[in-house]
Each structure stands twice: as C-alpha cells, then as structure tokens.
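Here's the structure we're looking at; comments come further down.
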Amino acid sequence: MNKKAFEMQFHWVFILIAGAIILAFFFSLVQKQRTLSEDKLSITLATDMEAVFSGAIESKGTAQPLPVPRTSIAFSCSQACECNFLIGKKATEFRDKIIFAPSLISGQDAIAWAQEFKMPFRVTNFLYLTNPNIKYYLVYDSSIQDSAKLYRQVSTELPPGLNLASIDGLSKIKDARSEGFQETKFVFLDVSSDAEPALEGLDDSFRKEKVSAVSIESSAKLVSFFEKEENELVFVKSLSIFIGESSIFAAMFASDKIMYECGMRAAFARTAHVAQVVYERAQKLQETMQQQNRTECIYLLDDLEAIKESAKIISEAPQVYEKIQDANALVAKKEALERENRNIIYLSCPEIY
Numbered sequence: 001m002n003k004k005a006f007e008m009q010f011h012w013v014f015i016l017i018a019g020a021i022i023l024a025f026f027f028s029l030v031q032k033q034r035t036l037s038e039d040k041l042s043i044t045l046a047t048d049m050e051a052v053f054s055g056a057i058e059s060k061g062t063a064q065p066l067p068v069p070r071t072s073i074a075f076s077c078s079q080a081c082e083c084n085f086l087i088g089k090k091a092t093e094f095r096d097k098i099i100f101a102p103s104l105i106s107g108q109d110a111i112a113w114a115q116e117f118k119m120p121f122r123v124t125n126f127l128y129l130t131n132p133n134i135k136y137y138l139v140y141d142s143s144i145q146d147s148a149k150l151y152r153q154v155s156t157e158l159p160p161g162l163n164l165a166s167i168d169g170l171s172k173i174k175d176a177r178s179e180g181f182q183e184t185k186f187v188f189l190d191v192s193s194d195a196e197p198a199l200e201g202l203d204d205s206f207r208k209e210k211v212s213a214v215s216i217e218s219s220a221k222l223v224s225f226f227e228k229e230e231n232e233l234v235f236v237k238s239l240s241i242f243i244g245e246s247s248i249f250a251a252m253f254a255s256d257k258i259m260y261e262c263g264m265r266a267a268f269a270r271t272a273h274v275a276q277v278v279y280e281r282a283q284k285l286q287e288t289m290q291q292q293n294r295t296e297c298i299y300l301l302d303d304l305e306a307i308k309e310s311a312k313i314i315s316e317a318p319q320v321y322e323k324i325q326d327a328n329a330l331v332a333k334k335e336a337l338e339r340e341n342r343n344i345i346y347l348s349c350p351e352i353y
C-alpha cells in the first residue's frame with residue numbers, strides 16, 4: 001500500500017471517529033434536554049396536583065373527577081410514615097393532607113372524595129382517591145343483621161363513578177372472575193370469620209392478577225388486611241383498628257395497611273390536639289355558666305380529657321392493633337360526649353362543639 005492510499009484511509013477513519021464523537025455529543029445533549037424538560041414538567045404537574053388535592057380535600061361530602069397526568073400518579077407510605085405521591089421522578093409529600101389511595105392511578109381520570117373524620121367534634125377531612133381501573137366488591141351476608149346493616153350504610157355513602165359490585169354471601173365469591181382490571185379489591189362487611197378461606201377459594205383467573213381485601217368487624221372495631229402473594233391464591237393477613245365510618249372507607253381505599261395506619265396515626269394525633277382546644281372551650285363555658293347561676297349546664301370535662309389521652313396513645317403506638325383497648329375506650333367516650341352535647345343543647349346551654 002503506498003503512502004497516499006494509507007493517508008486516505010487514515011483520513012476517513014479520522015472523519016468517522018470525529019463524526020461519531022459529534023453525534024454522541026448531540027445525542028447526549030438532546031437526552032439531557034429531554035430529561036430536563038421531563039423533570040420540569042413533573043415538578044409543574046406535582047405542584048398543580050398538590051393544589052388540586054388541597055381543593056378536593058376541602059370539598060367534604062362531594063366526589064369529583066380529577067385529571068390524571070399521562071405519566072400516572074403513584075402513592076406510597078414508608079414504615080416511618082413518610083407518605084408521598086410521585087409524578088414522573090418528582091416525589092411530593094402529603095404534608096398536612098391525609099390521603100388514602102391505591103399504589104397507582106393511571107389511564108383514566110381519578111375520583112376524589114372527601115369526608116369528615118369526627119370524634120365526635122370535627123377533627124379533619126380525609127381524601128380518598130381511586131379510578132375505574134380498580135374493581136371493588138362489597139361482600140356481605142343479608143341473613144346476618146349487622147352485615148346487612150353495614151352494607152346498606154357503606155353502599156349508600158359511596159360516591160358514583162366507582163367500579164363497584166356486590167356479593168351477597170361468601171359462597172358466591174367463587175363465582176367472581178378476573179376481568180383484567182389493574183387491581184381487584186374485596187371489602188368484607190361483618191363477615192370476617194370466613195373471609196380468608198373465601199379468598200383462597202377464588203377462581204384461578206385471579207392467580208396472576210393483583211388482588212387484595214379488607215375485612216371490617218364493626219363490633220370489635222377491627223379491620224383485617226389481606227395481601228395476595230405473587231402468582232398464588234394465598235393471602236397474608238394483618239390486623240389494625242378502625243373508629244367510625246370514615247375509617248372504613250380509609251381501609252377500603254388505602255393501598256395497604258401501612259398507608260392506612262399512617263393516615264390514622266395522623267388523624268388521632270390531630271384528635272388529641274383538637275380535643276385539647278374543645279376541652280379549654282368547655283372549661284370556659286363551665287366557668288361562665290357558674291357565674292350566671294346556670295347550674296343545669298354541666299360540662300363533663302373528664303370525657304374530653306379521656307378522648308385526648310386515648311387518641312394520643314394510639315397515634316404514638318408502634319403497633320396500632322395493640323391499642324385496641326384504647327380504641328374501645330375512645331369510642332365509649334366519643335358516644336358519651338355526643339349524648340352530653342345533645343343534652344346540653346336540650347337545656348338551652350351553650351354547646352360544647
């Protein structure tokens with residue numbers, strides 16, 4: 001090979017290398033710009049969505065559609081109760097909002113529904129999120145009075161737009177078939193004793209599907225969470241507590257027990273704070289009524305003190321289920337305070353809350 005031919009080959013090799021470097025540079029630049037644009041969009045969408053959540057949570061008792069970003073929205077809570085929603089790569093804390101949602105909302109608009117949490121005075125609003133990609137089955141037994149009553153209560157309160165079906169009788173669960181939803185969730189209403197074997201008797205079409213369940217025991221104030229093992233019709237059970245109707249819906253819409261308990265801990269912490277405020281109000285009212293010789297106006301401050309203490313204990317418990325006695329005491333004092341407030345109003349005294 002002569003010198004000129006060698007130089008020509010070297011020249012072309014140099015051009016190819018230089019061209020490859022230039023192309024790699026521009027490709028890298030485009031990728032960086034694309035990543036920056038996506039990150040900027042995620043931040044913008046997260047900020048907008050947080051504002052939407054704030055507005056929705058104040059609209060208590062009403063359900064409304066919420067647009068879902070193309071990238072979808074993911075929700076999660078850690079064992080340390082660090083709760084976030086994720087859009088793209090942007091994670092945003094729940095902050096002061098108590099949200100119960102599935103692990104992922106995608107494809108269709110979300111349904112947002114806010115409801116008050118009372119003890120019996122208003123404590124805060126819960127925000128429930130879901131969408132039609134998730135199928136809910138309300139499982140009850142019309143031959144059991146408590147089950148039929150709870151079913152009527154829950155089914156009446158749920159907002160329109162949910163992908164909802166009902167099953168009357170545990171034996172009929174085996175007739176359900178997978179319909180290819182993102183997730184299928186069974187909600188057992190006061191039929192808890194046979195919930196686990198009923199789930200494991202599900203049709204084989206659910207074997208590779210995402211399936212979960214919650215079981216409500218209203219008299220015992222217990223809620224059981226069932227998580228299916230991957231590609232098996234075997235469920236892992238864990239227990240927690242609930243107080244009030246809003247807690248039932250929290251268990252129904254929460255992605256798992258961790259999210260549920262994180263939200264409930266926050267709610268009980270606020271209960272302790274609000275109970276102290278209501279206590280101080282009742283104390284001042286008691287003093288004022290005594291000065292006016294309104295001896296019929298008696299405010300039982302011990303009930304408010306007990307509500308505050310029980311709520312504080314539950315909110316700080318590492319295992320909420322272990323505080324079932326405090327939960328029962330809290331319910332008893334809540335009901336006593338409701339009766340007391342009605343009686344005070346009947347006597348034309350200033351109400352407690």
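Numbering-wise, the sequence shown is residues 1 to 353 according to the numbering used here. Glycine is no exception: its CB is placed at the ideal position from the N, C-alpha and C atoms. Computed from a predicted model, the values in this text were never measured in an experiment.
Item, Value
"Alpha helix (DSSP H) segments (min. 4 residues) lying fully within the stretch 174-199", "none"
"Which of helix, strand or coil DSSP assigns to Ala101", "coil"
"Contact the stretch 122-137 vs the stretch 155-165: 3+ CB pairs below 8 Å", "yes"
"Reduced DSSP secondary structure (H/G/I, E/B, other) of Lys90", "strand"
"Distance between Gln115 and Met252 (C-alpha atoms, nearest Å)", "14 Å"
"Close-in-space but distant-in-sequence residues of the same chain around Ser147 (CB under 6 Å, 5 per side omitted)", "Tyr140, Asp141, Leu189, Asp190, Val191"
"Chain B contact for Ile345 (CB, 8 Å cutoff)", "The structure shown contains no chain B; it is built from a single protein chain."
"Exposure of Leu304, with buried meaning 16 or more beta-carbon neighbours within 10 Å", "buried"
"Unbroken alpha helix (DSSP H) run spanning Phe126, endpoints", "From DSSP, Phe126 is part of no alpha helix (DSSP H) but of the beta strand (DSSP E) over 122-130."
"Reference Asp96; option with closest CA among Ser171, Gly263, Val277", "Gly263"
"Own chain residues within Cβ distance below 6 Å of Ala306, not counting five before or after", "Lys333"
"Contacts around Gly55, its chain only, beta-carbon distance under 6 Å, and the 5 residues preceding and following it disregarded", "none"
"Nearest candidate by alpha-carbon position, reference Pro69, set Ile57, Lys89, Ser215", "Lys89"
"Spatial distance of Lys128 from Glu229 (CA atoms)", "According to the sequence as given, residue 128 is Tyr; it is not Lys. Spanning the two alpha carbons is a distance of roughly 25 Å."
"Residue closest to Glu50, alpha-carbon to alpha-carbon, out of Gln79, Cys77, Ile99", "Ile99"
"Helix, strand or coil at Ala74 [DSSP, three-state]", "strand"
"Presumed contact (8 Å Cβ cut-off) between Ala195 and Ser219, rounded CB distance", "About 15 Å; that fails the 8 Å criterion."
"Rounded straight-line distance, which links the Cα of Ile345 to that of Ser224", "38 Å"
"Cβ-based neighbour list, Glu261, same chain, cut-off 7 Å, excluding 5 preceding and 5 following", "Ser240, Val320"
"Host alpha helix (DSSP H) of Asp302 (start-end)", "301-315"
"Environment of Ala213 [buried if 16+ CB atoms lie within 10 Å]", "buried"
"Per-residue DSSP class, three states only, for Leu233", "coil"
"Within 8 Å, strictly: CB atoms of Lys185 and Tyr151", "no"
"Sequence-distant residues of its chain with Cβ nearer than 7 Å to Ser72 (five each side left out)", "Leu104, Ile105, Ser106"
"Reference Leu199, options Phe181, Glu232, Glu179, closest by Cα", "Glu232"
"Contact under 8 Å by Cβ, Glu217 with Gln153", "no"
"Candidates Lys149, Ala327, Ser205: closest to Leu222 by CA position", "Ala327"
"For Leu162, the three-state DSSP class (helix, strand or coil)", "coil"
"Inter-residue Cα distance where the pair is Glu351 and Val278", "11 Å"
"When Val234, Ser143, Pro102, Ala112 are compared against Glu58, the one with the closest alpha-carbon", "Ala112"
"6 Å CB neighbourhood of Val236 in its chain, flanking five on each side removed", "Glu227"
"Beta-carbon gap between Gln276 and Lys308 smaller than 8 Å", "yes"
"Cβ shell of Ala110 (< 6 Å), same chain only, five flanking positions each side left out", "Leu66, Val68, Leu129, Asn131"
"Cutoff 7 Å; reference Ile313; Cβ partners in own chain excluding five residues on either side", "Lys323, Asp326"
"Strand pairing of Ser142, partner residues [DSSP]", "Beta-bridge pairing links Ser142 to no other residue."
"Where the beta strand (DSSP E) containing Ser224 begins and where it ends", "222-228"
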